[in-house]
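A.B. asks: Structure in structure tokens, see below.
Chains as they are written, first to last, in my numbering: chain S, 196 to 890; chain U, 9 to 301.
Following this line, the structure appears as structure tokens:
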């Protein structure tokens, strides 16, 4: 990388220099706490956390960092799983850090206090590995800021063997290129096994006195590890031409890792119980991983295939021991679409009485389908609480929902809302995406019409009901069928929002909320860029752009300047539709999906051709099961009550069904039928990213 | 025996957990009671809540060995040991305090539990005043003694107030009921067995916080003092906030006064024999506060 590209360090004027290796920074940290907001972010001491250990000796020490503020990062299940797995190893030790909020960062820089762990309050640079969880692309500038706060050079090539190894993993790592200049190695896919394998490599490297380059090459040989330094990137006519291995033994294509059996990984066993209020502040138990509903916009669903369910008895054991240990009175059964879990009804029933005391346990399903069955389930499981229900129809018309393969009919939505309002709810929230492929003004206006109709339905049950319509700009994500699609431009998104504002004006009971299209644009850069986008990200950070998913800290101007400084064109990176022949920046990373499968699905989508859920229907050969040698682990051979994607075939007009798939024999259940996903029960999370997520 | 009983619990908040807010402390206590198997009564209605009520708010950053919480319990719904512990509360805290201690975050230490009449006035209504031990920033032991004398002999302590959006001045001298300099306060020594949560090795015996039981001096940064300010302030008609007090002392001294460390050590009520402490700790009940030898 050409070092002349560096921009002057302006805003980050106080360099952090770490002296000495190990001791606790707590006395210095504590002096700052009376002057910052929410000091509990920085004290550690959660139930489930390991005890401080100031002299770890020969242990391989990991610092697991979530690059956002504590109350967003703490509940992250991926980080907690790795934390436990590493701490169970006799040769490893894991502690945690989160991005300090801007007031704390200023105090730390003023006092020369580097990024620290929450357990021992040791400086980040004293750890052997700093590992970032990448759940959201707009946190990328925080990754750089955390490295800088640790006293490290942000560019991988400028760090030395005495510096910690910098690893990153998580969903966003499936396009590692925008962060490739800064990260030494990416972990692709499930981390349960990789964490241990990396620890082994680090142990041997330390024992053998390996150089940094030897260590990186060794890591690149671990299946699922991507070491950017081991790959040569070439460009042609300003476009990416190839990303190729530089050394023997380095794979041309890095395949994601997937654990075959979730039952072998009953983590977290001792979920962290925060001392301050955080998002998802409850017991969280993962009931399955992966999703095959096939929503074409949903990166999470595409990259986590196949579906692997946790056995019913294990879920219940985790719920019981978790409630008894933590004292929570709420449990969330988590997955990408929890109503699809084979044992959902018996598990929900058992959870209700699984608490220690007389108080009933409330159960939440963070991702619900849009159908009456699911609403009935929600009524049973939330007990008397009727705070609000959330649905994600994602698009305003049935035509467009077929394009995105979110097979919910208008009647499904009305049926769900009818059930909700008659069941005592007074507020509902509906998520929609705008800027979807083939979207017309009619599709957008239909969102408003749907919302009005929903309010009318509610009025029959109560005088005052509200339906909140939350719209986000669509970002075509890597490894999805829409990865070739053009992201809608800024004027287009603004125009669509204006259209929605006009068509909901004066509509009683309809609340319209939307995400900032400018943030959607920046998310497009970080999601879809190649390695050169790293220069832009660095420029944004150097100009002071941290916490970019927080609207009060986001300014598009920094991204525009950063792109210009990096010599990149925003329209080319974000808004251009890719051709079949284009080399995509993530082509050398495999989520297990055949590129041909994704391309065919992309072509099908353009003719509104829908596909079914392969959990219960014939295989489409997407590649996830065969390529990874991992199969669906689904106990139930038939879809859950209320239908499933594609099994309510009456809703699929004959021309919409793929010709080579025989219609399954499941009965259509009136008033329910096919489905979607996803109430998002996460009030506090900044949701600019939801364009990528099925919730 | 009535089905529902009211338990009053005194607890300490020491060490790092002093940085969690009053609201977070309340939530931690509620979770801790549930995890310990305390059979809390639950309100009816659309949103069932545990029937638990908290006393005066403790400012974030301040410590205490005199915090209180009231909780309604259903002894009939508890396991046998817990039922015995609740019935025995006030005489032999035993298992109740031990089990709570194991379920609460490190630094939140239950000290005493007592059954109290259902009709007793609430904590918020009952408490008349509280006593603080304060370590003033950049002040030595003798500095604390001089400050105590100065407060005692000063005719007025003026603070600026924002009341109903208007700035005004108020003399708060009359709300300072007692002031002196004294040794740093005692801390509970925690002795419990078992584990702090499943699979997490717990401390078997040791100080509630810090490196040693009840240090003989407080240290904050470079500053060390074995004598600190001990001051009792009235909470009627309204509480005198610590930051207001610091501002008042700053005006008195003509220079900025910061609180390096603050710990509530008593809360006082009007009892049958006049002024008395809520759930005093002693040899026969509760956990004594001790100084390490």
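In this text, a Cβ means the ideal position worked out from N, Cα and C, and glycines have one as well.
Nothing here was measured: the structure is a model prediction, and the numbers come from that model.
Can you tell me which residues form a DSSP beta bridge with residue 196 (chain U)?
C.D. replies: Counting from 1 along the second chain, the entry for residue 196 (chain U) is found at position 188. Partner(s): U:297.
A.B. asks: Going along the region 90-123 of chain U in order, which residues come within less than 8 Å of chain S, judged by CB to CB distance?
C.D. replies: Per Cβ criterion, the list reads 111, 113, 114, 115.
A.B. asks: Could you pull the start and end residues of the beta strand (DSSP E) that residue 120 (chain U) belongs to?
C.D. replies: Taking the first residue of the second chain as position 1, residue 120 (chain U) is located at position 112. Start and end: 116-124.
A.B. asks: Who are the neighbours of residue 36 (chain U) on chain S, taking C-beta pairs under 7 Å?
C.D. replies: For the purposes of this step, residue 36 (chain U) is taken as the residue at position 28 of the second chain. Near residue 36 (chain U) (Cβ distances below 7 Å), the residues of chain S are 470.
A.B. asks: Which residues in chain S have a C-beta closer than 8 Å to the C-beta of residue 229 (chain U)? List them in chain order.
C.D. replies: Against the second chain, residue 229 (chain U) aligns to sequence position 221. Here the neighbours are 222, 226.
A.B. asks: Name the two residues that bound the continuous beta strand (DSSP E) containing residue 706 (chain S).
C.D. replies: Counting from 1 along the first chain, the entry for residue 706 (chain S) is found at position 511. Where residue 706 (chain S) is concerned, the enclosing beta strand (DSSP E) stretches over 705-709.
A.B. asks: Exposed or buried, residue 232 (chain U), counting other C-beta atoms within 10 Å across all chains shown (16 or more means buried)?
C.D. replies: Against the second chain, residue 232 (chain U) aligns to sequence position 224. Exposed, by the Cβ-count rule.
A.B. asks: Using a Cβ-Cβ distance under 8 Å, would residue 151 (chain U) count as near chain S?
C.D. replies: Position 143 of the second chain holds residue 151 (chain U). So no, residue 151 (chain U) is outside the interface.
A.B. asks: Leaving aside the five residues before and after residue 188 (chain U) along the sequence, list all residues of the same chain whose C-beta is less than 7 Å from its C-beta, in chain order.
C.D. replies: Counting from one through the second chain, the residue named residue 188 (chain U) turns up at place 180. Closer than 7 Å at Cβ, skipping near neighbours: 156, 238.
A.B. asks: Distance cutoff 8 Å, beta carbons only. Does residue 879 (chain S) sit that close to anything in chain U?
C.D. replies: Translated into the one-based positions of the first chain, residue 879 (chain S) becomes position 684. Its pLDDT being 33, under 50, residue 879 (chain S) is placed unreliably in this model, and the value from its coordinates should be taken loosely. Closer than 8 Å: no.
A.B. asks: Within this structure, are the beta carbons of residue 242 (chain S) and residue 69 (chain U) separated by less than 8 Å?
C.D. replies: Along the first chain, read from residue 1 onward, the residue named residue 242 (chain S) stands at position 47. Along the second chain, read from residue 1 onward, the residue named residue 69 (chain U) stands at position 61. Going by C-beta atoms, residue 242 (chain S) is not nearer than 8 Å to residue 69 (chain U).
A.B. asks: Residue 249 (chain S): buried (16+ other C-beta within 10 angstroms of its C-beta) or exposed?
C.D. replies: Locating residue 249 (chain S) in the first chain gives position 54, counting from the first residue. Exposed: under 16 other Cβ atoms inside 10 Å.
A.B. asks: Opposite residue 525 (chain S) in the DSSP bridges: which residues?
C.D. replies: Stepping through the first chain from its first residue, residue 525 (chain S) is reached at position 330. S:557.
A.B. asks: What are the boundary residues of the alpha helix (DSSP H) that includes residue 729 (chain S)?
C.D. replies: Stepping through the first chain from its first residue, residue 729 (chain S) is reached at position 534. Taken as a continuous stretch (DSSP letters only), the alpha helix (DSSP H) holding residue 729 (chain S) covers 728-737.
A.B. asks: How many Å lie between residue 19 (chain U) and residue 122 (chain U) at the Cα?
C.D. replies: Position 11 of the second chain, counting from 1, holds the residue named residue 19 (chain U). Position 114 of the second chain, counting from 1, holds the residue named residue 122 (chain U). Computed Cα separation, rounded: 12 Å.
A.B. asks: Run down chain S in chain order and give the residues with a C-beta less than 8 Å from the C-beta of residue 32 (chain U).
C.D. replies: In the second chain, counting from the first residue as 1, residue 32 (chain U) sits at position 24. Ordered by position in chain S, the residues that pass the 8 Å Cβ test against residue 32 (chain U) are 235, 470, 471, 472.
A.B. asks: Reducing DSSP to helix, strand and coil, say where residue 230 (chain S) ends up.
C.D. replies: Position 35 of the first chain, counted from the start, is the residue given in the question as residue 230 (chain S). Reduced to three states, the DSSP call for residue 230 (chain S) is coil.
A.B. asks: Less than 8 Å between the CB atoms is what I'm expecting for residue 706 (chain S) and residue 670 (chain S), so what's the real figure, rounded?
C.D. replies: Numbered from 1 along the first chain, position 511 holds the residue referred to as residue 706 (chain S). Numbered from 1 along the first chain, position 475 holds the residue referred to as residue 670 (chain S). Contact flag wrong, Cβ pair sits at about 24 Å.
A.B. asks: Can you tell me where the beta strand (DSSP E) with residue 256 (chain S) in it begins and where it stops?
C.D. replies: Against the first chain, residue 256 (chain S) aligns to sequence position 61. Residue 256 (chain S) -> beta strand (DSSP E) spans 255-261.
A.B. asks: Tell me the DSSP secondary structure of residue 332 (chain S) in three-state form.
C.D. replies: On the first chain, residue 332 (chain S) is found 137 positions in, with the first residue counted as 1. Three-state result, residue 332 (chain S): helix.
A.B. asks: Give the residues from the region 507-538 of chain S that approach chain U closer than 7 Å (Cβ to any Cβ), ordered along the chain.
C.D. replies: Those would be 516, 519, 520, 521, 522, 523, 524, in chain order.
A.B. asks: Rounded to a whole number of angstroms, what is the C-alpha to C-alpha distance between residue 514 (chain S) and residue 58 (chain U)?
C.D. replies: If you number the first chain from 1, residue 514 (chain S) lands on position 319. If you number the second chain from 1, residue 58 (chain U) lands on position 50. Going from the Cα of residue 514 (chain S) to the Cα of residue 58 (chain U) covers about 20 Å.
A.B. asks: Quick one, are the C-beta atoms of residue 742 (chain S) and residue 432 (chain S) less than 8 Å apart?
C.D. replies: Taking the first residue of the first chain as position 1, residue 742 (chain S) is located at position 547. Taking the first residue of the first chain as position 1, residue 432 (chain S) is located at position 237. No.
A.B. asks: Where residue 202 (chain U) and residue 108 (chain U) are concerned, what is the direct C-alpha to C-alpha distance, given to the nearest angstrom?
C.D. replies: In the second chain, residue 202 (chain U) corresponds to position 194, counting from 1. In the second chain, residue 108 (chain U) corresponds to position 100, counting from 1. Only weak support is given to the placement of residue 202 (chain U): the predicted model assigns it a pLDDT of 40, under 50, and the question is left unresolved by the model.
A.B. asks: Quick check: is the beta carbon of residue 140 (chain U) nearer than 8 Å to any beta carbon in chain S?
C.D. replies: Stepping through the second chain from its first residue, residue 140 (chain U) is reached at position 132. No, no contact with chain S.
A.B. asks: Can you check whether the CB of residue 542 (chain S) is closer than 8 Å to the CB of residue 502 (chain S)?
C.D. replies: Here residue 502 (chain S) refers to the residue found at position 307 when the first chain is read from its first residue. Here residue 542 (chain S) refers to the residue found at position 347 when the first chain is read from its first residue. The answer is no: Cβ separation not under 8 Å.
A.B. asks: Select from the region 11-28 of chain U all residues with a C-beta closer than 7 Å to any C-beta belonging to chain S, and list them in chain order.
C.D. replies: Listed by position along the chain: 24, 25, 27, 28.
A.B. asks: I'd like to know if residue 68 (chain U) contacts chain S, where contact means its C-beta is closer than 8 Å to some C-beta of that chain.
C.D. replies: Translated into positions along the second chain, residue 68 (chain U) becomes position 60. Answer yes: the Cβ-Cβ gap between residue 68 (chain U) and chain S drops below 8 Å somewhere.
A.B. asks: Measure the alpha-carbon distance for residue 405 (chain S) versus residue 396 (chain S) and round it to whole angstroms.
C.D. replies: Walking along the first chain from the start, residue 405 (chain S) turns up at place 210. Walking along the first chain from the start, residue 396 (chain S) turns up at place 201. About 10 Å.
A.B. asks: Please confirm whether residue 44 (chain U) and residue 128 (chain U) have their CB atoms less than 8 Å apart.
C.D. replies: As a first step, residue 44 (chain U) must be located in the second chain, where it is residue number 36. As a first step, residue 128 (chain U) must be located in the second chain, where it is residue number 120. No, the pair does not count as a contact, with Cβ atoms beyond the cut-off.
A.B. asks: Using the DSSP secondary-structure output, state which residues sit across from residue 318 (chain S) in a beta bridge.
C.D. replies: Here residue 318 (chain S) corresponds to residue number 123 of the first chain, with the count starting at 1. Bridge partners of residue 318 (chain S): S:311.
A.B. asks: Measure the CB-CB distance between residue 23 (chain U) and residue 115 (chain U) and report whether it falls below 8 Å.
C.D. replies: As a first step, residue 23 (chain U) must be located in the second chain, where it is residue number 15. As a first step, residue 115 (chain U) must be located in the second chain, where it is residue number 107. Taking 8 Å as the Cβ cut-off, residue 23 (chain U) and residue 115 (chain U) qualify as a contacting pair.
A.B. asks: Short check: CB of residue 105 (chain U) to CB of residue 118 (chain U), under 8 Å?
C.D. replies: Residue 105 (chain U) sits at position 97 when you count from the first residue of the second chain. Residue 118 (chain U) sits at position 110 when you count from the first residue of the second chain. Yes, Cβ-Cβ distance for residue 105 (chain U) and residue 118 (chain U) is below 8 Å.
A.B. asks: With distance defined between alpha-carbon atoms, name the residue in S:536, S:524, S:584 nearest to residue 558 (chain S).
C.D. replies: Residue 558 (chain S) sits at position 363 when you count from the first residue of the first chain. Selected option, being the one with the closest Cα: S:524.
A.B. asks: From what residue to what residue does the beta strand (DSSP E) around residue 661 (chain S) run?
C.D. replies: Locating residue 661 (chain S) in the first chain gives position 466, where the first residue counts as 1. Here the beta strand (DSSP E) through residue 661 (chain S) covers 661-668.
A.B. asks: For chain S, check one thing: does any of its Cβ atoms lie closer than 8 Å to the Cβ of residue 288 (chain U)?
C.D. replies: If you number the second chain from 1, residue 288 (chain U) lands on position 280. It does not; no Cβ of chain S falls within 8 Å.
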